[in-house]
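Report on the following structure.
In our numbering, the protein residues as written are 54 to 646.
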């Protein structure tokens, strides 16, 4: 077969389809031009330029395991995004890629006018291009805008807040009930983190719009962010005492600069905001997807606006009966004990770290008596940062690393290195987890926790190896922070018969499965899935994206299948920087991902 030049194929592509294939999935028909994937890649620049120049929509139609009626991705791609997307394709996973050029005449914002995206989508406009190429295609399709609400929802007078909103439209004609995402923290921006999450849960937008709303006080919704003077890497390596002192000083300063009554930034008020957004956008019923603190927000929304909720998925459950700072130490201790037990079950880890638990305890006790002055180097820039490492900082670093199942496989190695005087691995792992992320609003966190959690906690006990630093940091903050109020009975369990899927990871150091079981007791139409070998948040792991998709499609909790969960295990621990070297462990590594 002789292939035509790129230009000839592009000319034939006007209002037609270009199929890139490595299998005989399709039967040739009029309007289809079949070319090998390798040949397409050599033509990608010209094809992409042609489609954008002619205002055509570039659409990926199918994968080998999906029918054409369920598109995989729809986007107007710029050159960089297209290159990265094609580069990420695996020929073993994707048997057929179809790129279709459709004229967009008559469309607004690049959205199919036949789609049932929010009836009032005219209130929104095209989103700004994001900094991250990883979500560029998702955001390119999306609509953004603001909806103004009263800060004081009771008096409905005075200051107004512009709530920042992003709607990611459904790919095919959507169902009338969108998915509203509730971010964690408290203090995360839903608009900032949501696109990354839904790029991994891409099937959820097959038929349903995704709605991201920055909760009041977060993101661009009258943010109560308060940046510390230290860099992200310096913050990771600050002693707890120094970090607390810096945070208090900064929050006092920020409090004088906010254009806000911070007592009005509690969860119940924010969930009434969310219901107003639902009304303004014209949705009758919605689905909720909440992660971590977002699960508490979701439960509050269900309690206050139950008639508007079709279903909910709550991942890493933090029920209203849980006072967040109270059990931080004991929950972290339980997660660490499980890590030690799992290490003993892996031959390589057991042989390499036979005294892991004892060495960690000796490390904590030694630094409690004699903190060490150290200089750590930034893992990316190499810049040295001086600091004091003490037992509480070790606690904080280890607790943070246990959130993530991938990073925690390096934890035994990092603990042993620290026991020998090398603290760099622990510091680098914790920084890898937090990075340069500045999206968390510490002022909003204070407004929520001081009004909702600290009112129920007089003291928080330490565990054998972990302390109550979170409580001790919040206690002095709540003394000066304007404290809001919550309705009577707010801390009682939420009672509902709405279909709810609860999900927990066995390795979670902050919202372990016991809280999911606790929430399920009064949710009569709920199912609780516990995923072994996973830490904080499970919806993107293994087959969970498919389970979540199936649940939202048919939210009868009793029909949820979680057979895949038995295949998930904690990934092998590293026995050296070269990786897991125990008998047979390296060969099994891919299986655990």
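Each residue gets a CB set at the ideal place from its N, CA and C atoms; glycine is no exception.
On a predicted model such as this, the values are computed, not experimentally measured, just so you know.
- Task: Using 10 angstroms around the beta-carbon of residue 475, count the other beta-carbons present and answer buried if the total reaches 16, otherwise exposed.
- Result: That one is exposed.
- Message: Just to confirm the assignment: which complete beta strand (DSSP E) runs, minimum length 3, are found wholly within the segment 327-362?
- Response: The beta strand (DSSP E) runs lying completely inside the segment 327-362 and spanning 3 residues or more are 339-344, given in chain order.
- Query: DSSP state of residue 412, grouped into three classes?
  - Reply: Residue state for residue 412 is assigned as helix, using DSSP reduced to three classes.
- Thinking just about the alpha-carbon of each residue, which of 262, 437 and 216 is nearest to the one in residue 270? Taking only the C-alpha atoms, the option nearest residue 270 is 216.
- Task: Count the CB pairs spanning the segment 409-427 and the segment 437-445 that are closer than 8 angstroms, and state whether there are at least three.
- Result: Contact between the segment 409-427 and the segment 437-445 is present, because at least three Cβ pairs lie under 8 angstroms.
- Beta-carbon proximity of residue 556 to residue 530, cut-off 7 angstroms: No.
- Task: With distances taken Cα to Cα, identify the nearest neighbour of residue 347 among 209, 323, 587 and 278.
- Result: Among 209, 323, 587 and 278, the Cα nearest to that of residue 347 belongs to 323.
- Task: Rank 528, 176 and 207 by C-alpha distance to the C-alpha of residue 198 and give the top, closest one.
- Result: Of the listed residues, the one whose Cα sits closest to residue 198 is 176.
- Item | Short Cβ contact (7 angstroms threshold) for residue 558 with residue 591 | Cβ distance < 7 angstroms, so residue 558 and residue 591 count as in contact.
- Query: Alpha carbon to alpha carbon, how far is residue 220 from residue 262?
  - Reply: When rounded, the distance between both Cα atoms is 7 angstroms.
- Could you have a look at residue 323 and say whether DSSP puts it in helix, strand or coil? Looking at residue 323 - three-state DSSP - the assignment turns out to be helix.
- Item | Length of the line joining the Cα atoms of residue 237 and residue 368 | Residue 237 and residue 368 have their C-alpha atoms some 10 angstroms from each other.
- Message: Would the segment 240-257 count as touching the segment 492-512 if we require 3 or more Cβ pairs under 8 angstroms?
- Response: Contact between the segment 240-257 and the segment 492-512 is present, because at least three Cβ pairs lie under 8 angstroms.
- Task: Give me the Cβ distance between residue 382 and residue 519, rounded to the nearest whole Å; I'm assuming they're in contact under 8 angstroms.
- Result: In this structure, residue 382 and residue 519 form a Cβ contact; the two beta carbons are roughly 4 angstroms apart against a cut-off of 8 angstroms.
- Message: Quick check: the Cα distance between residue 571 and residue 376, rounded to an integer number of angstroms?
- Response: When rounded, the distance between both Cα atoms is 13 angstroms.
- Are the CB atoms of residue 627 and residue 450 nearer to each other than 7 angstroms? No, the pair does not count as a contact, with Cβ atoms beyond the cut-off.
- Task: Measure from the alpha carbon of residue 516 to the alpha carbon of each residue in 589, 387 and 461, then state which is nearest.
- Result: Of the candidates 589, 387 and 461, the one whose C-alpha sits nearest the C-alpha of residue 516 is 387.
- Give the straight-line distance between the Cα atoms of residue 233 and residue 533, rounded to the nearest whole angstrom. If you take the alpha carbons of residue 233 and residue 533, they lie about 34 angstroms apart.
- Query: For residue 503, which residues of its own chain have a beta-carbon under 6 angstroms away from its beta-carbon, when the five flanking residues on both sides are left out?
  - Reply: Taken in chain order, the residues that qualify are 531, 534 and 536.
- Taking DSSP as the reference, what is the three-state secondary structure of residue 224? Note: residue 224 maps to coil in three-state DSSP.
- Rounded C-alpha distance that separates residue 554 from residue 579: The straight-line gap from Cα to Cα measures roughly 6 angstroms.
- Query: With respect to the alpha helix (DSSP H) encompassing residue 250, which residues constitute its N-terminal and C-terminal limits?
  - Reply: Residues 243-253.
- Would the beta-carbon of residue 206 fall within 7 angstroms of that of residue 360? Contact flag unset, no.
- Alpha-carbon to alpha-carbon, residue 585 and residue 622: Roughly 6 angstroms separates the two Cα atoms.
- Item | C-alpha gap between residue 214 and residue 541, whole angstroms | Distance between the alpha carbons of residue 214 and residue 541: 26 angstroms.
- Item | Secondary structure of residue 217, DSSP reduced to three states | Shown here, residue 217 sits in a strand according to DSSP, grouped into three states.
- Does DSSP classify residue 196 as helix, strand or coil? If DSSP states are grouped into helix, strand and coil, residue 196 belongs with the strands.
- Item | Inter-residue Cα distance where the pair is residue 318 and residue 276 | CA-CA distance, residue 318 to residue 276, rounds to 10 angstroms.
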